[in-house]
Structures are given as structure tokens and as C-alpha cells.
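Single-structure report; data block below.
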Amino acid sequence: MEFTQLIEKRRSIRKYTSEAISEDNIKKIVRAGLLAPSSRNLKSAEFIVIKDKEILKKLKGVKSAGSGFLDQAAFAVAVIGDSEKADAWIEDCSLALIYMQLAATELGIGSCWIQCRLRQSSIENVSSEQYAREVLGFADNYRLEAIMSFGMPDEEKEPCTKIDEDKIHII
């Protein structure tokens, strides 16, 4: 698949079948995240791969809305950044997330980015990051950018080919 076709085909998929994802494909997706560029090559992004259905069910509450489908995913990856290692941890994590999402698309696997940084959990006055830290147990110097869900698509979306030329400014 050509790159333009790949980015047009990538869509947020929130409905998954019960079909398992092979360990080989999970490794390919995570490897893509590891290959993403990072600021000053500090590689501040790290990945928590979640396959345990009970943990996925708990993580449904990581946001007040927009994460309720996590327990239907075959697996998810929480992408955390070491804020002591790099001031650009947000960018490092974001690049890793999109690389994993594009790798999944190429493999025919659906995915959805669940933004967690600066979001609230389903529990009042508990941030998404605090909630995820409690469930996943990552250290305080790590910050949560997002959780990406993955699974075999149980919905089909047309490729996104419409672009808004008004967003381009040439000076």
C-alpha cells in the first residue's frame, strides 16, 4: 500500500470483533512505535501493552467519555513519557502513537487514539493520568499521553480523502 493510501485508510475504529491479534502483529505494531523519531533521540516514550481483559475493563473509566469501548479491544497500549528524560515527551509519545496506528492500519487492524493528557476520568476530580497510574502502576516521573486501542474492525469506514485547502497558508 502506498503511503497516501495508508493515511487515507487510517480511521478511528471503536468497534471490534472478538478475533485475537497474533503476537507477531502485536510486536510489529509496538516495534513501529519504537522506531518513531524522538526529540534529540532521547526516546522518552515507553509502552505498556495491555492484553488482560480485566485491566482493559478497568481502563474503560480512564475518561469520563470516549473510552467505554476499551474492553472490546484485543489489546491496548498506554503510551507514557519520561518527563525527567525529555521536555518533548508529549511530542515523542504522539509520534510513537501515530506510528503504531499506521502500522496497525497496514496490517488491517483497527485502532483508536484515546487522549488522556489533560483529561478527566470517570471519577470526579481524578485525572485520566491519575486513574491510569493507579490501574497500571507507572512511576510519577512518567506522564500519560494516550491509550491506543487495537482490534479487528467490526465497522467499516470509507477512506478519508477530503482535505480543506483553506488550512494551507503560503507566504
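Under my numbering, the first residue of the sequence shown carries the number 11, and numbering increases by one thereafter. Each residue gets a CB set at the ideal place from its N, CA and C atoms; glycine is no exception.
If one requires a minimum length of 4 residues, the alpha helix (DSSP H) runs lying completely within the region 75-145 are 99-116, in chain order.
Considering only D176, E155 and S49, the residue with the shortest C-alpha distance to C126 is E155. Between the beta-carbon of M158 and that of V87 there is about 5 Å, and that keeps the pair under the 8 Å contact cut. In the DSSP annotation of this structure, I180 is not part of any beta strand (DSSP E), being labelled neither H nor E.
If you draw a straight line from the Cα of D176 to the Cα of G147, it is about 44 Å long. Under the Cβ criterion (8 Å, minimum of three pairs), the region 30-43 counts as touching the region 110-117. Bridge partners of V59 according to DSSP: V87.
Here the alpha carbons of S48 and G91 stand approximately 11 Å from one another.
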